[in-house]
Amino acid sequence: MGAATTASLSLLGVAGTASAEGAKRHGITFDRVVNAVDDLGMDPNGNRPIDDALENAAESGTLIEFPPGEYRATREHAYFQLEDFGIRGTGDSRRDTQFVFPEGYNDRFLVLRWGRNHLVENVTLQQYEDGETSVGCVFAPTDGLQVHDFEIAGYNARSGQRGLAVYIYDEDGTGVIDGYVRRGGGAVGDYPSGTQAMFVGKSHRGTLYVRNAHIEESGENGIYASRTNGDVRIENSFFKNNDIASVRIAGEGSYVKGSTFVVDTDSAENDPEAFDNVRGLWWESGGYEKVGGYAEDCDFVLESADVSGGLLRVAPTAGAMTVRNCRFRNETTHPSLLARAPNDMNSTEITVDGVSITGRSDDPRRGGIEIVERSGSTVTDSCINRQGGNGVVVRRASGCTVKDSTIDVPGEPVVEDDAGVATSNIDESGSCPLPDANGSGGSSGGSSGDSGSDGDSDSDAEADSDSAESSSGSDTDEGGEAGEGGEPTGDGDGSGGADGSDDSSNESGDSSGGSARSTDGNATDGNATDGNATSGNSTSGGTEGGNETGGNETDGGSADSGSSGDGSGDDGSSDGGSLETATADGDGERSKSSKGGSSSDDDGGDDGDDGSGSATRSTGATPQSLPNVLSLRSKAVSPYRIVVDGAIELDPEFGVEDVVSGNTAQGVLARGWDVYRYSGEIVTFDIDGPAEISHNGTFVDPDELGIDGSDESGSDEELPNTISIKGDAGDLLPYHIEVSGDIEFDPDYGTEDRIADGTAEGVIATGGWDVYRYSGEIVTFDVVGDADVEVNGESVDEASI
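In my numbering, the protein residues as written are 5 to 805.
Here it is as structure tokens:
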């Protein structure tokens, strides 16, 4: 497991003082309950750090209760393999118990990984007003997550921590997050420097319920849950003005129900022009190309936005899905409900049932519902009443149906553009239901009125009930467009808030460019070394200089016996040194963590774990029977897990304390090499933190390992067409282009215009040319003023496009 881990890293915990008999909350039974002040001596006035007391009390079977007050934490607290462990505030509301941090703190506060049955309830993490203090958490058990009435308060600055990174590792495991609040705002625009309020990545394989959340002005996605191997179910939540998207989700077992989405950047705390692209619900799944899922009984309101992909946008990477009993009001020219042309999938139809769309649009070509290249789509029992544009627009699709609906619009009720649409029972006059912009669910961020009781919750029963619901349709995702965040390259547990960031690369925490309204910063990805947060992030696989248990290393020296300095290039790959020569840390011996290992009754194994929990190291296998070698090294504390479809063993030359059970290995790197021999293929590889990975002697990107989601990025489409726009000197000519495929700005003509999700917007201000390359067809072209327009080199009349 590499060199010794820090005091902040606990696999088993240390017993605390029990002040009461056990208790049961939210389905979790605790052996003992301890009072943070009376039993553990923590300071409720925020003067003395609580770190040592918390570290000593963290033990399986323990519920730590915090009376109202402020509790000062100064480092990350990471616990692995804990079972039946919880932290709970005993006040009347979550704000009564607050965890506070030193000014400028940039790190995660609490990491709960593996094990099962974790409770965090009725507390707030406070980020102050300095624009630099940034806090995040990782909640990642195999099963049994319960988070209730939990808030991360204050403003979130750039390049900081994700608020929550959540994973349920077990395919049969469940988690509940009820009453999560992050509404203090955040720095928007300048993608990808914002942060997500919640991220659910590819390591998630179970079922996660998110209820009564309230998320506003997140710098980069409210809930990013579209690139997972499990299900995410969002209920009764409220989202407003979250850049990129309020929710990104897709998949047969996933849904959004009873929730409210509001886009109104004119009312935002941030500069309305700073937002990159403000979507409501974005149905996409990247290279996963998921099928299934639905949005039901939701309210969507779009009052204002300079750039928006619309209220509900189905990406090319999403297949069939269903929208039912939802209400839309859109006062802009941006889309209300748009399903873009899908990638090559078997099931791509869109089912719209019982939907109401109201508002106005100055674009005569846009429809309230727009469906592109999705044959077999249906619109039934719906109502469209708009003061501009058309009703339902279907392009290049066959076998579609619009029936039993009211469509009262100044344009055409149904537009067929190279499409076949059967219509029946269409009423062309009538009013439609309006959405509730205040939101029926989640506006209070979740109730905490019963947080002081000891009663058991029925959340588990609700989860079981909800999981039985069937979903219809299918989903997939589109990747890599400007302003959308692309594909996260790993399960970012809190490093760098960027969508596309990889928590295994620990991007540096650049706090530059923070908003003038600096109320709460977002954490950089500094790692805790020996209980002290590093002053910055590791961009080359480790911190510079950190103080490690068991001796000091100079200038981040690597464990390679033949190298000095940081031993790695800017990209984290090794500059030299053989794996076989990596033998010593600072004191000349390969030290292992005194807190390493696993409890004998640990059930934290994952896919392929036989459940015995026994830590086995040797099966008598020979190098011939285990022909592959996987070597891992990190200069930071980096937990990992490996699942193969054959056999796996830890190489005894590199320690014996890591946990190998069945075909699963898991451990924690902490300055040193872990080396495994295995047969078959790597099915799953997860790592939280920076690392150098060698596979059969060749350094590789961690995201290249594993069958699950190992090929998540789509290839770029050829862009065979061009459109060029020119104005006269001195004229300001705003324009908007939307295509059915992809579009890019020709780099020979500048890069300052906005491109996102098949659309391009800009302003010609100098009389020069703006030139774009695109695939597919031009769906929309608008320009304000007289312009010269060329398509594929030929002059055209803009009205003919």
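Here a beta-carbon is modelled for each residue, glycine too, at the ideal position from N, C-alpha and C.
Have a look at the DSSP bridge pairing and note the partners of threonine 157.
Checking the sequence, you will find alanine at residue 157 rather than threonine. BP columns for alanine 157 point to Gln130.
Histidine 122 versus phenylalanine 34 - alpha carbon distance
10 Å
Do valine 41 and proline 48 count as a contact pair if the criterion is CB distance below 7 Å?
yes
Would you tell me roughly how many angstroms separate the C-alpha atoms of methionine 325 and proline 346, rounded to the nearest one?
12 Å
Coarse secondary structure for proline 694, derived from DSSP in three states
coil
Would you report the Cα separation of lysine 244 and alanine 651, rounded to the nearest angstrom?
49 Å
Output the boundary residues of the alpha helix (DSSP H) element that contains aspartate 47.
Here aspartate 47 belongs to no alpha helix (DSSP H), and DSSP marks it neither H nor E.
Please determine, among Arg187, Glu175, Val192 and Val139, the residue with the shortest C-alpha to C-alpha distance to asparagine 281.
Val192
Cα-Cα separation between asparagine 110 and glycine 189, rounded to whole angstroms:
17 Å
Under 7 Å between the Cβ atoms of glycine 780 and serine 744?
At a Cβ-Cβ threshold of 7 Å, glycine 780 and serine 744 count as neighbours.
Quick one: grab the DSSP three-state call for asparagine 274.
It is coil, neither helix nor strand.
Mind the definition here: the stretch 334–344 touches the stretch 290–297 only if three or more C-beta pairs lie below 8 Å; say whether that holds.
no
Three or more C-beta pairs below 8 Å linking the stretch 173–183 and the stretch 210–219:
As far as the Cβ criterion goes, the stretch 173–183 touches the stretch 210–219, which means the pair count is three or higher.
Nearest-angstrom beta carbon gap, serine 207 and tyrosine 173 [assumed within contact, 8 Å]:
7 Å
Please classify proline 368 as buried or exposed, where buried requires at least 16 neighbouring CB atoms within 10 angstroms.
exposed
Can you tell me whether proline 738 is helix, strand or coil according to DSSP?
strand
The stretch 123–130 in contact with the stretch 149–168 per 3-pair CB rule at 8 Å:
Verdict: yes, contact present.
For glutamate 696, which of Glu353, His740, Thr784 and Tyr644 has the nearest alpha-carbon?
Tyr644
Threonine 702 classed as buried or exposed, judged by whether at least 16 other C-beta atoms fall within 10 angstroms:
exposed
Take every Cβ of the stretch 231–248, pair it with every Cβ of the stretch 257–277, and state whether three or more of those distances are shorter than 8 Å.
yes
On a CA-only basis, which of Arg112, Arg79, Ala62 and Trp118 is nearest arginine 92? Give me that one, please.
Measuring from the Cα of arginine 92, the nearest candidate turns out to be Ala62.
Evaluate threonine 312 with the Cβ neighbour count: other Cβ atoms within 10 Å of its Cβ, from every protein chain shown; 16 or more gives buried, anything less gives exposed.
Here residue 312 turns out to be serine, not threonine, going by the sequence shown. With 16 or more other Cβ atoms within 10 Å, it is buried.
Any chance you could list the beta strand (DSSP E) runs of at least 3 consecutive residues sitting entirely within the stretch 396–445, in chain order?
404–412, 418–421 and 425–431
In terms of alpha-carbon separation, which member of Phe105, Phe154 and Glu155 lies closest to glutamate 136?
Phe105
If you drop the 5 nearest sequence neighbours on each side, which residues of the same chain put their C-beta closer than 6 Å to that of glycine 358?
Arg328, Asn329 and Asp385
For alanine 426, I'd like the list of residues in its chain whose CB is within less than 6 Å of its CB, leaving aside the five on either flank, ordered along the chain.
Thr405
Does DSSP put glycine 140 in a helix, in a strand, or in coil?
strand
Name the DSSP bridge partner or partners of aspartate 678?
Under DSSP, aspartate 678 takes part in a beta bridge, and its partners are Leu636.
For glycine 26, three-class secondary structure by DSSP
coil
What first and last residue would you give for the alpha helix (DSSP H) that runs through asparagine 60?
55–61
Find out if the Cβ-Cβ distance for the pair valine 376, arginine 390 is shorter than 7 Å.
no
Return the bridge partner residues of serine 308 from the DSSP annotation.
Asp268
The beta strand (DSSP E) that contains phenylalanine 703, what's its start and end?
702–704
Leaving out the 5 sequence neighbours to the left and right, which residues in its chain are closer than 6 Å to valine 115 when beta-carbon positions are compared?
Ala82 and Val142
If you reduce the DSSP assignment to three classes, tell me which class glycine 291 lands in.
helix
Pairwise C-alpha distance: arginine 364 and asparagine 334
Asparagine 334 and arginine 364: Cα-Cα distance of roughly 6 Å.
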